Each structure stands twice: as structure tokens, then as C-alpha cells.
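The structure appears right after this line, and notes come after that.
Numbering (this note's numbering), first residue to last: 5 to 120.
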């Protein structure tokens, strides 16, 4: 089993999710996404694995950059949202846990148990 967590060590939910994975005896690959920003293609892959209906479901819509860049406007395309996240990784909701072809958002942390 190859598990990856897109992690922000300053986020309590991210830390709780990582601890939960480790309690299951799994040593995940940790991607500190603020330092190792995912490319647009990586973000598209994560979106597909998450199975969300909207790209905004994987975004932190309360971040200043979301408002500053006017990403809530109805005319903003999915492509523009992926570009914004790759250029402003704080916009990516966290933590995202990936196991094979499945992914889950660790909000709440227990929600990742379904894919482990």
C-alpha cells in the first residue's frame, strides 16, 4: 500500500490525519505542498481521485487569495482554478490523502479511513 498525504504541519486537521494514518501502521509519503507545490496536472489528478463535482470543493475559499483573485466569479473556468492553486498553494484544501486511484480529504480526519 502506497499512501501519500498532502500535508501542512501547521494545520491541526492535517496533523490529526497524519497521526491517524500512522496509528494504522502506515508510513505515508509526506508532501509538504506549500514547499513542494503540485503542478496543475497533479491537481487535476487529485481532483479526479477525490471524485468531487466542483474544483472549488478542493479549495480554501475563505483564503485572501481566493477573494483577491476573484475566483468566486461565475466566469472563472476550472482551468483557471487549477492554475490559481498551483501558483497559490494556500488555496488547496488540506490534507489530501491518496491511496492508489482513490483520494480523500481529511476533513474530518476519520474520512480518510475509507481509502486505507
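The beta carbon of each residue, even a glycine, is placed where N, CA and C say it ideally should be. Model, not experiment: these values are computed from the prediction.
How would you call residue i, buried or exposed, if buried means at least 16 neighbouring beta carbons within 10 angstroms?
{"i": "residue 107", "result": "buried"}
{"i": "residue 103", "result": "buried"}
{"i": "residue 4", "result": "Residue 4 falls outside the range modelled here, since the chain spans only 5 to 120, and no answer is possible."}
{"i": "residue 88", "result": "buried"}
{"i": "residue 110", "result": "buried"}
With a Cβ-Cβ cutoff of 9 Å, do residue i and residue j count as a contact?
{"i": "residue 43", "j": "residue 6", "result": "no"}
{"i": "residue 50", "j": "residue 61", "result": "no"}
{"i": "residue 48", "j": "residue 117", "result": "no"}
{"i": "residue 52", "j": "residue 113", "result": "no"}
{"i": "residue 34", "j": "residue 11", "result": "yes"}
{"i": "residue 120", "j": "residue 25", "result": "yes"}
What would DSSP say about residue i, mapped onto helix, strand or coil?
{"i": "residue 92", "result": "coil"}
{"i": "residue 107", "result": "strand"}
{"i": "residue 87", "result": "helix"}
{"i": "residue 17", "result": "helix"}
{"i": "residue 34", "result": "strand"}
Flag this pair as touching only if the stretch 85–96 and the stretch 27–46 have three or more C-beta atom pairs under 8 Å; answer yes or no. With the cut-off at 8 Å, the stretch 85–96 and the stretch 27–46 touch.
Using 8 Å as the threshold, is the stretch 95–110 in touch with the stretch 15–23, meaning 3 or more CB pairs across them? Two segments are said to touch when three or more pairs of C-beta atoms, one from each, lie closer than 8 Å; by this definition the stretch 95–110 touches the stretch 15–23.
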